[in-house]
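A.B. asks:
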Amino acid sequence: MEKYQVPSVPRGGGNGSRGGGPPSLRRRPPGLLGAPAWLQSPPLKSTRRARTAPSFRRGPWARSTGSLGPGAQAGAPETPQLAGHKGEPRRFGILQELSPGALGVNMVVEETKTKIKHVIKQVQCMDHRHASQALEEIRPLLQLRHPHISMCEEVFQMWDSKVSSMFLCLVMEYSLESFQDVIESKREEKALIDSEWLQVMLVQVLNTLEYLHHLDILHTNLKPSNIVLVSQNHCKLQDLGCHVLMTHRAKWNVRSEEDSCKKSWMAPESLSFSFSQKSDIWSLGCIILDLARCSFLNGVEAMDLRKSLRQQPGSLRDILETMAERQVPLMDTFSFLLPAMLQINPSDWVTLKDVVRITFGRSSLKSSTLPGPLIPEAITSVLLEGSMASILAGPALLSSHPEVRLRAMKKLLSMPEDQLGLPWALELVEVVVTTMKQQERILDVQLCASTLLLCILGQALVWDTDVKVSWDSSFSSTLLSAMRRHPDSTQLIIKACSLLTIISSHESASQELQKVGLCELVLQHLSSFLQDQDVCLSGLGLLWALLVDAVIMNREPLEKFLGLVAQVLATHPADMDMAEAGCAVLWLLSLLGCIREEQLEEVVLLFLQSIQLGQGRVQLVNNAYRGLASLVKASELAAFWMVALEEGSSGGLSLLQATYWLYRDDPEVVENLCLLLAHLASYKEILPELEYSGIRALAQDIQGCFPSSLELVSYAKKVLLSLETTAAHDLSGDLPAPP
Numbered sequence: 001m002e003k004y005q006v007p008s009v010p011r012g013g014g015n016g017s018r019g020g021g022p023p024s025l026r027r028r029p030p031g032l033l034g035a036p037a038w039l040q041s042p043p044l045k046s047t048r049r050a051r052t053a054p055s056f057r058r059g060p061w062a063r064s065t066g067s068l069g070p071g072a073q074a075g076a077p078e079t080p081q082l083a084g085h086k087g088e089p090r091r092f093g094i095l096q097e098l099s100p101g102a103l104g105v106n107m108v109v110e111e112t113k114t115k116i117k118h119v120i121k122q123v124q125c126m127d128h129r130h131a132s133q134a135l136e137e138i139r140p141l142l143q144l145r146h147p148h149i150s151m152c153e154e155v156f157q158m159w160d161s162k163v164s165s166m167f168l169c170l171v172m173e174y175s176l177e178s179f180q181d182v183i184e185s186k187r188e189e190k191a192l193i194d195s196e197w198l199q200v201m202l203v204q205v206l207n208t209l210e211y212l213h214h215l216d217i218l219h220t221n222l223k224p225s226n227i228v229l230v231s232q233n234h235c236k237l238q239d240l241g242c243h244v245l246m247t248h249r250a251k252w253n254v255r256s257e258e259d260s261c262k263k264s265w266m267a268p269e270s271l272s273f274s275f276s277q278k279s280d281i282w283s284l285g286c287i288i289l290d291l292a293r294c295s296f297l298n299g300v301e302a303m304d305l306r307k308s309l310r311q312q313p314g315s316l317r318d319i320l321e322t323m324a325e326r327q328v329p330l331m332d333t334f335s336f337l338l339p340a341m342l343q344i345n346p347s348d349w350v351t352l353k354d355v356v357r358i359t360f361g362r363s364s365l366k367s368s369t370l371p372g373p374l375i376p377e378a379i380t381s382v383l384l385e386g387s388m389a390s391i392l393a394g395p396a397l398l399s400s401h402p403e404v405r406l407r408a409m410k411k412l413l414s415m416p417e418d419q420l421g422l423p424w425a426l427e428l429v430e431v432v433v434t435t436m437k438q439q440e441r442i443l444d445v446q447l448c449a450s451t452l453l454l455c456i457l458g459q460a461l462v463w464d465t466d467v468k469v470s471w472d473s474s475f476s477s478t479l480l481s482a483m484r485r486h487p488d489s490t491q492l493i494i495k496a497c498s499l500l501t502i503i504s505s506h507e508s509a510s511q512e513l514q515k516v517g518l519c520e521l522v523l524q525h526l527s528s529f530l531q532d533q534d535v536c537l538s539g540l541g542l543l544w545a546l547l548v549d550a551v552i553m554n555r556e557p558l559e560k561f562l563g564l565v566a567q568v569l570a571t572h573p574a575d576m577d578m579a580e581a582g583c584a585v586l587w588l589l590s591l592l593g594c595i596r597e598e599q600l601e602e603v604v605l606l607f608l609q610s611i612q613l614g615q616g617r618v619q620l621v622n623n624a625y626r627g628l629a630s631l632v633k634a635s636e637l638a639a640f641w642m643v644a645l646e647e648g649s650s651g652g653l654s655l656l657q658a659t660y661w662l663y664r665d666d667p668e669v670v671e672n673l674c675l676l677l678a679h680l681a682s683y684k685e686i687l688p689e690l691e692y693s694g695i696r697a698l699a700q701d702i703q704g705c706f707p708s709s710l711e712l713v714s715y716a717k718k719v720l721l722s723l724e725t726t727a728a729h730d731l732s733g734d735l736p737a738p739p
């Protein structure tokens, strides 16, 4: 056997795409590879299979000790084996050669040591470059992890000097039975397929195809023999197509002429070597059709029907009528599903989501004994397997099955981020909101859906700080309806307030929320749950988001918020988080002119108390001084209360000076203090108090510390000018000398 040196291929890898989806398989161009008819198998290069992950292997070439005909028997002396490295025992014994597939020869082999069986697929390549390209494309496929995809355990190249050709060899999982065996068995018995088994299998296949299509990976070779049975109720898809290996039309045509059945599963577009996701849907439709009618059509008749579907749509109508007459199970589903999947014009083909909707929206899958529809446990379990995309494929469309949706949402919430493929698409918001609408009375669904919405929108904002969260009125109305439906659920109130806070950043959303009575609803919840810290914090946060930069539609409910905020702060006197949120809302109310003159003393005192409580919280301090500046600008009475009231052992001006020396290096805090002082200095009656309290020295210090800040210097000069203008009159005789 002649040796042929193969350049090294990098191990592992992947390209960063979720689930190992390869760029080379995304929207693959047309092409199909064939392989010649085999009289005997070429020798294989020996490999040592890695147990932990699929791999590429090379080494000394194996040699065949005999023909690989189907008559070879396990354990017979003449059984050929695949040799290992020189001096090592041979690794595989070849048990039999299976029927050739579309891409090459399949052999059942057995490991010499462990007696574990595998399938080795040999694919003849046009040349070494062709084989290397195929290796590069197949590598990401090896990294797919899904419970219903048969894993390719190893890939290697070999050279056969007898035919002067390079072969690509794939070591795959071995399964004794496939859908093809089930069909042939039922055909011989003239027996119907069990309906429950068919439902479970259909869900598993749909789940797997959705997973692949989400990664833009096409199967392209879907047929009953490529859906194997691991156990009675567990199937796997195998033999995923590879674009590089499916581009040699001449070889494909030779193989299809040898077995015309191979082409019969292909969609009309695939006959011209054009493939899409809908090509897989057509092939799946043919498989479902074969499973449903195997009790009364033989193999040749079934193949002829599949071929006729591409030119004669009426042939499907006739067979559906026959199936109905023979009382084939699930006919109310198949009568809608199969015509949708087997349209001749590709533009008329349904999507995979449409297939799921049709499949699980029919009465066949509903229980006649329960008040609502029910999906079998086996089907529900399958829907919850796999990636985030696979999970959502079913529940996103099974609108009449709350138990599946709830379990799916809980499953998603329990998955780590590396499996979720964050950031999540904002289109999922519509799916979850639809669930909330349809199951409004079920509190668990509302709680779980709200939590999931927070994850979706929260992650979108984390990954892109400029993201504009999509919003429409149905979102807010659904949340408000849920809050009204479950008024005693503090958990739901908190989550809904957080969600409404996110969408309130849209001006249109803010106005709409005011129109539908959100302000009144927040008032109601704050009044009912004054003792609940989380409800109060979420409610105050929502009010802030709702009112900031908003066009106020109705001022009446806003005037009631002052008393409520005062109650909240009085109920939580030592809570700095509450003080910070409360000061923010009071500041907005002052800007909006919602504080009456008789309320000024109470509000000024609330601001001073909050500053005294949280002097070390910069945001709290900023909120409070902004609120005081707004009040003082609008009312001289507010200025009077600012200098006259005392909080603890300090008056308002003493507290202001303490804040300045604490935040002397923070321009934002100093700017808010200066703004307040400038407004205070605009009232002649207040100036003596400012002079007496030492504000002149503070303004001079600000002027010296921030010479480059024109705004701060301007505020400081305004205060100093006002003090100097009135100094001769106000300080000459009546007031004691400043300390």
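The sequence shown runs 1 to 739 under UniProt numbering. Every residue gets a Cβ at the ideal spot worked out from N, C-alpha and C, and that includes glycine. All values reported here derive from a predicted model rather than from experimental measurement.
1. Taking only three categories from DSSP, how would you classify C125?
2. Determine, using beta carbons only, whether Y625 and A678 come nearer to each other than 8 Å.
3. Going by CA-CA distance only, name the one from L546, S335, S99, L206 that's closest to Q514.
4. So, at 7 Å on beta carbons, what are the nonlocal neighbours of E298 in its own chain, with the 5 sequence-adjacent residues on each side left out?
5. Considering only residues of the same chain and omitting the five flanking positions on each side of A638, which have a CB-CB separation below 7 Å?
6. By Cβ distance below 6 Å, which residues in the same chain neighbour L98 in space, the five residues on each side in sequence not counted?
7. I think E269 touches S279, with their Cβ atoms under 8 Å apart; what is that distance to the nearest whole Å?
8. What are the boundary residues of the alpha helix (DSSP H) that F475 is part of?
9. Give a yes or no on contact between the segment 203-213 and the segment 138-150, applying the rule of three or more CB pairs nearer than 8 Å.
10. Answer with buried or exposed for E691, where buried requires no fewer than 16 other C-beta atoms within 10 angstroms of its C-beta.
11. When burial is assigned at 16 or more other CB atoms within 10 Å of the CB, is V163 buried or exposed?
12. Go through the segment 169-203 residue by residue and report every complete run of the alpha helix (DSSP H) that reaches 4 residues or more, in order.
13. Please name the residue, chosen from I456, T435, G593, that lies closest to A482 on a Cα-to-Cα basis.
14. Going by DSSP, which residues form a beta bridge with V643?
15. Can you tell me the Cα-Cα spacing of I120 and F92, whole angstroms?
16. Identify which residue in G285, W265, E325 has its Cα closest to the Cα of M303.
17. Put Q312 into one of helix, strand or coil per three-state DSSP.
18. On a CA-only basis, which of L320, I344, N345, S693 is nearest T333? Give me that one, please.
19. Under 7 Å Cβ to Cβ from G16, same chain only, skipping five residues before and after it: list those, please.
20. Which one of C152, E184, S178 has the shortest CA to CA distance from V171?
21. Give the secondary structure of G93 by DSSP, where H, G and I count as helix, E and B as strand, and everything else as coil.
22. Across which residues does DSSP place E110 in a beta bridge pair?
23. Where does L592 sit, in a helix, a strand or coil, going by DSSP?
24. L428 to L352, Cα distance in whole Å?
25. Tell me the rounded alpha-carbon separation between L720 and L673.
26. Could you tell me the distance, in whole angstroms, from the CA atom of Q567 to the CA atom of V356?
27. Does Q277 pass the burial test, meaning 16 or more other C-beta atoms within 10 Å, or should it be called exposed?
28. Go to H679, then tell me how far its beta strand (DSSP E) extends in each direction, as first and last residue.
29. If you follow the beta strand (DSSP E) that H234 is part of, which residue opens it and which one closes it?
30. CB-CB under 7 Å to L589, same chain, minus the five flanking residues each way: which ones, in chain order?
31. What residue does the beta strand (DSSP E) around S630 start on, and which one ends it?
32. Measuring straight from C-alpha to C-alpha, what distance separates S161 and Q133?
33. Please determine, among H130, C294, N622, L141, the residue with the shortest C-alpha to C-alpha distance to Q157.
34. Smallest Cα separation from V670: which of Q533, G704, Y174, S504?
35. Please report the distance separating the alpha-carbon of V123 from that of F167.
36. So is W661 buried or exposed if we call it buried at 16+ other beta carbons inside 10 Å?
C.D. replies: Checking against the coordinates, here is how it stands:
1. Reduced to three states, the DSSP call for C125 is strand.
2. No; because the gap between Cβ atoms is not below 8 Å, this pair is not in contact.
3. For Q514, the nearest C-alpha among the options comes from L546.
4. Checking the sequence shown, residue 298 turns out to be Asn, not Glu. Within the same chain, N298 has close Cβ partners R187.
5. Here the set comprises L600, V604, L631, V632.
6. Cβ-Cβ distances below 6 Å link L98 to N106 in the same chain, with the five nearest sequence neighbours on each side left out; the list follows chain order.
7. Between E269 and S279 the beta-carbon gap is near 6 Å, inside 8 Å, which marks them as a contact.
8. 473-485 is the span of the alpha helix (DSSP H), which, as asked, contains F475.
9. The segment 203-213, when compared against the segment 138-150, does touch it at the 8 Å Cβ threshold.
10. Flag for E691 reads buried.
11. Burial call: exposed.
12. You should have 179-189.
13. Selected option, being the one with the closest Cα: T435.
14. The partner list for V643 (beta bridge, DSSP) is empty, contrary to what the question assumes.
15. When only Cα atoms are considered, I120 and F92 end up about 10 Å apart.
16. Comparing C-alpha distances from M303 to each of G285, W265, E325 shows the shortest one belongs to W265.
17. Q312 falls in the coil class under three-state DSSP.
18. Answer by Cα proximity: L320.
19. Its pLDDT being 37, under 50, G16 is placed unreliably by the model, and nothing is read from it.
20. Nearest to V171 by C-alpha distance, out of C152, E184, S178, is C152.
21. In the structure shown, G93 falls within a strand segment according to DSSP collapsed to helix, strand and coil.
22. DSSP links E110 through a beta bridge to G93, K117.
23. Reduced to three states, the DSSP call for L592 is coil.
24. Near 17 Å, if we compare the C-alpha coordinates of L352 and L428.
25. Taking the straight line joining both Cα atoms gives about 14 Å.
26. The alpha-carbon of Q567 is positioned some 53 Å away from that of V356.
27. Q277 comes out buried.
28. Unbroken run through H679 is the alpha helix (DSSP H), 667-680; no beta strand (DSSP E).
29. Per DSSP, the continuous beta strand (DSSP E) segment holding H234 begins and ends at 234-237.
30. Taken in chain order, the residues that qualify are L558, F561, L562, I595.
31. Segment 618-634 is the alpha helix (DSSP H) holding S630; no beta strand (DSSP E) there.
32. Using only the alpha carbons, I get a separation of about 21 Å.
33. Q157 has its Cα closest to that of H130, out of H130, C294, N622, L141.
34. Here the closest residue by C-alpha is G704.
35. Cα to Cα, the separation comes out at about 5 Å.
36. Counting Cβ neighbours within 10 Å, W661 comes out exposed, since fewer than 16 surround it.
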